[in-house]
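Novice: Chains as they are written, first to last, in the numbering used here: chain A, 2 to 395; chain B, 37 to 309. Got a structure for you, written out below as structure tokens; questions coming shortly.
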Amino acid sequence: MTLLFTKFGAYGGQYVPETLMPALEALTAEFERVRGDRQFQSELNSLLTDYAGRPTPVTLAARLSAHLGGARIYLKREDLAHTGAHKINNALGQALLARRMGKRRIIAETGAGQHGVASATVAALLGLECVVYMGEVDMARQQPNVFRMRLLGAEVHPVASGSRTLKDAVNEAIRDWVTNVETTHYLLGSALGPHPYPAMVREFQKVIGNEARAQMLAKIGRLPDQCIACVGGGSNAIGLFSAFLEDPAVKLIGVEAGGEGIATGRHAARFADPSRGQVGVLHGTRTFVLQTPDGQIADTHSISAGLDYAAVGPEHSFLRELGRAEYTVATDAEALEAFSLLCKLEGIIPALESAHAVAEAVRRAPKMGQDKNILICLSGRGDKDLDTVMKYLT
Amino acid sequence: MELPMPLADIERAFKRKPAFMPYFPIGYPTAMDSLDAIEALAGNGADLIEVGIPFSDPLADGPVIQHATQIALQNGVTVPGVLQSIAELRGRGVGIPLILMGYYNPILHFGPKAFCEAAVAAGADGLIVPDLPAEESAELEDALGGKMPLIRMIAPTTSADRTRRICATAEGFLYLVSVTGVTGARESVPTGLREFVDRVRLAVPKGLPLCVGFGIATPSQGAEVGKLADGVIVGTACVRAVGESADPKRAAADFAATFRKALDLSHGTLNPV
């Protein structure tokens, strides 16, 4: 098996304090080992099947497709995975790795709470101690997930510094890791952070794309014309995209959070706002980062806590530079509209994050022929967002 | 061999054993107070000063320095503002080495080459970037072009092999992180510090001073560390003492004088200040 690269073109790398470098080296080595280890892979696959409920289905959104009057829309149903989002795929992989490395304590950051719930879940499953860092703003808007994590036996640690959202939760998690690195594994939730995380998380999320590719071939006898996924850090997107990279006819589209609109400055669209989204370094990786003219990390906004983050996964920066994937935005309002459509036409309540991907399909499908097919990664379910949505819709 | 001036100045600063290196960020509690405080530290026994460049996401720092640098940002401090402050301190007659300490993103955003040139021109003597390990430092090394050193950090988790690799290109001095963790006062000097310092000493080119930082809160802890290392770095305790005082300048002067005295006593010789 080929070794993972520490960089994706000019992006990625390991911009962390020296204290963490030996831990990253050890993690990289261990991950390289398990990639070819049949026993590890078979244990992971059993858990994905018997515990997480994989493979998740691909659903034809027939009424949504008819309503839009163009391409047929298929949904990769990560919302049906255990804990209600794709985050479980990566959490299981990393928790098994942590156990193998003798680390009995895991820490995680969470924005929407989905990764926190997934981490708390696998910690309970494997008997590991779990601490989840979560910004106070996110705790307020994702109350049900906070309660879930506590039920699962995790300690949820409120983060009151900075903007009190995901970025600050990552800061706190890294501070914990620097302090407890000998005993603790940092279960990073997205395709972000220092090497090996972006590559490792992609490998653990690749199951989404591998399944979906085979399922589309089985269903329609060919590949989808377009794959669409929301991009916060971008782990569900990279998991989906990575199975189609060698299929040049398949368009790959990532959707960032347009918030209240790019012109307002209140958004989390790293690629869509060239005045503020520039190459920088945040949380150990070099990538596009929303920042101020003085190089301070900018505050971000999105209706969805999971997309409300200033940096994008480095591999997305690379895919964009290569022209292999394109990136667009959906605003809060567009995501809400797509959210409602999917509820009413398909009986599926999507996560607000995933609703951004649906919104892009809503724009694209009518312009495409009925013989064309769109595959959306429905990365999670929306139960956690009901409070937020009700506030906006009433 | 003639050393570039910053290196020569740093070498001279370590003639006093142990050297005392407080940390202070520009812009806290106000821009003016921070300059007064640094000037007072320099005038009362500091041998070098680590001058902090505030950053929005200081992930190697504990609550006290996080708070201070947040206030500094609210006060409008910018990277050019920090460099201007270095020049102003030089204008006030501060002659000891000033080592800039800042996270990488603001430097990268400013442009590494432009930043290094401006920093040298302003009178800085070195650079500490806590989120830039040896693996990622080529870009900044190129930008520095040997005009001033990029200070290397060694952690308790750094293996002997890795220490040797890092030290092969180290200049100025070596920054030993005393504990795994973020900056901030600790109850006591960590056990195992002596072994850590000894281990690094064996891997280091002769003559490269070893400075220990992170967690040193009191003059007596400083004295204890000063018996092992060539330099003692004190951040959080200094920031707290100055920030909590109604008279930051006075507090900085007292803080430096007290530490200096304890360090000199510990070394058995009262150096002339």
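By construction, the Cβ of each residue, glycine as well, lies at the ideal position given by its N, Cα and C atoms.
Nearest-angstrom Cα distance between V156 (chain B) and M57 (chain B)?
Specialist: Within the model, the alpha-carbon separation for V156 (chain B) versus M57 (chain B) is close to 20 Å.
Novice: Could you please tell me which residues of the region 183-195 of chain B, in chain order, have their CB closer than 9 Å to any CB of chain A?
Specialist: R188, M189, I190, A191, P192, T193, T194, S195
Novice: Applying the 10 Å Cβ sphere with the 16-neighbour rule, what's the burial state of V309 (chain B)?
Specialist: Residue placement at V309 (chain B) is poorly supported in this model, since its pLDDT is 40, which falls under 50; the coordinates still yield a value, given next. Under this definition V309 (chain B) is an exposed residue.
Novice: According to DSSP, H158 (chain A) sits in a beta bridge with which residue or residues?
Specialist: A:Y134, per the DSSP bridge assignment.
Novice: At what residues does the beta strand (DSSP E) containing V213 (chain B) begin and finish?
Specialist: 210-213 is the extent of the beta strand (DSSP E) around V213 (chain B).
Novice: Kindly say whether D93 (chain B), judged by its beta-carbon, lies nearer than 8 Å to any beta-carbon of chain A.
Specialist: yes
Novice: Rounded to the nearest angstrom, what separates G399 (chain A) and K220 (chain A) at their Cα positions?
Specialist: Only positions 2 to 395 of chain A appear in the structure, and residue 399 (chain A) is not among them; the question remains open.
Novice: Short of 7 Å in beta carbon distance, which residues of its chain neighbour D248 (chain A), apart from the five on each side in sequence? Order them along the chain.
Specialist: L224
Novice: Report, in whole angstroms, the separation of the C-beta atoms of S164 (chain A) and D295 (chain A), which I expect to be a contact under 8 Å.
Specialist: Incorrect: roughly 17 Å between the Cβ atoms, too far for contact.
Novice: Got a sec, what are the start and stop residues for the beta strand (DSSP E) E261 (chain A) sits in?
Specialist: No beta strand (DSSP E) holds E261 (chain A); DSSP gives it neither H nor E.
Novice: How far does the beta strand (DSSP E) with K392 (chain A) in it reach, from first residue to last?
Specialist: Segment 387-394 is the alpha helix (DSSP H) holding K392 (chain A); no beta strand (DSSP E) there.
Novice: Determine the burial state of L43 (chain B): buried for a count of at least 16 other Cβ atoms within 10 Å of its Cβ, exposed for fewer.
Specialist: buried
Novice: First and last residue of the beta strand (DSSP E) that includes N374 (chain A)?
Specialist: 374-379
Novice: Residues of chain A with CB under 8 Å from Y140 (chain B), in chain order?
Specialist: Y16, V282
Novice: For Q102 (chain B), which residues in the same chain have their Cβ closer than 6 Å to its Cβ, ignoring the five residues on either side in sequence?
Specialist: P94
Novice: Closer than 8 Å by C-beta to F50 (chain B): which residues in its own chain qualify, once you throw out the five before and the five after it? Chain order, please.
Specialist: D83, F209, P245, D266, G267
Novice: Examine chain B for any beta-carbon lying closer than 8 Å to the beta-carbon of E183 (chain A), and answer yes or no.
Specialist: yes
Novice: Could you give the DSSP three-state label for E327 (chain A): helix, strand or coil?
Specialist: strand
Novice: Of the choices A:G285, A:R36, A:L48, whose alpha-carbon is the least far from that of Y16 (chain A)?
Specialist: Comparing Cα positions, the closest option is A:G285.
Novice: Whose Cβ in chain B lies nearer than 8 Å to the Cβ of K168 (chain A)?
Specialist: Neighbours of K168 (chain A) on chain B, chain order: D93.
Novice: Would you say D295 (chain A) faces chain B, with C-beta separation under 8 Å as the test?
Specialist: yes
Novice: Taking 8 Å as the threshold (beta carbon to beta carbon), is G266 (chain A) in contact with chain B?
Specialist: no
Novice: Give the interface partners of I298 (chain A) over in chain B, defined as CB-CB distance under 9 Å, in chain order.
Specialist: F91, S92, D93, N141
Novice: Within 8 Å, do at least three Cβ pairs link the region 333-341 of chain A to the region 26-44 of chain A?
Specialist: no
Novice: Note down, in chain order, every chain B residue with its Cβ under 9 Å from the Cβ of P23 (chain A).
Specialist: Ordered by position in chain B, the residues that pass the 9 Å Cβ test against P23 (chain A) are A191, T193, T194, S195, R198.
Novice: CA-CA distance, A170 (chain A) and V240 (chain B)?
Specialist: 37 Å
Novice: In the region 168-181 of chain B, which residues sit with their C-beta less than 7 Å from some C-beta in chain A, listed in chain order?
Specialist: L168, P169, E171, E172
Novice: Tell me, please, which residues DSSP counts as bridged to P351 (chain A).
Specialist: A:R382
Novice: Please classify K285 (chain B): does DSSP put it in a helix, a strand, or coil?
Specialist: K285 (chain B): helix per DSSP, three-state reduction.
Novice: Are the CB atoms of Y52 (chain A) and L126 (chain A) nearer to each other than 8 Å?
Specialist: It is a contact, given that the beta carbons lie within the stated cut-off.
Novice: Relative to the ligand GDP, is the shortest distance from any of its heavy atoms to the C-beta of K88 (chain A) smaller than 7 Å?
Specialist: This structure lacks the ligand GDP, and indeed carries no ligand of any kind.
Novice: Taking 8 Å as the CB-CB limit, is A96 (chain B) close to chain A?
Specialist: yes
Novice: Could you say which of A:L129, A:P315, A:G154, A:R214 lies nearest to H196 (chain A) if we only look at CA atoms?
Specialist: A:P315
Novice: From the beta carbon of L109 (chain B), is the nearest beta carbon of chain A less than 8 Å away?
Specialist: yes
Novice: Against chain B, does L387 (chain A) count as a neighbour if the rule is that its beta carbon must be under 8 Å from one of theirs?
Specialist: no
Novice: Can you grab the Cα-Cα spacing for the pair R214 (chain A) / L387 (chain A), in whole Å?
Specialist: 31 Å
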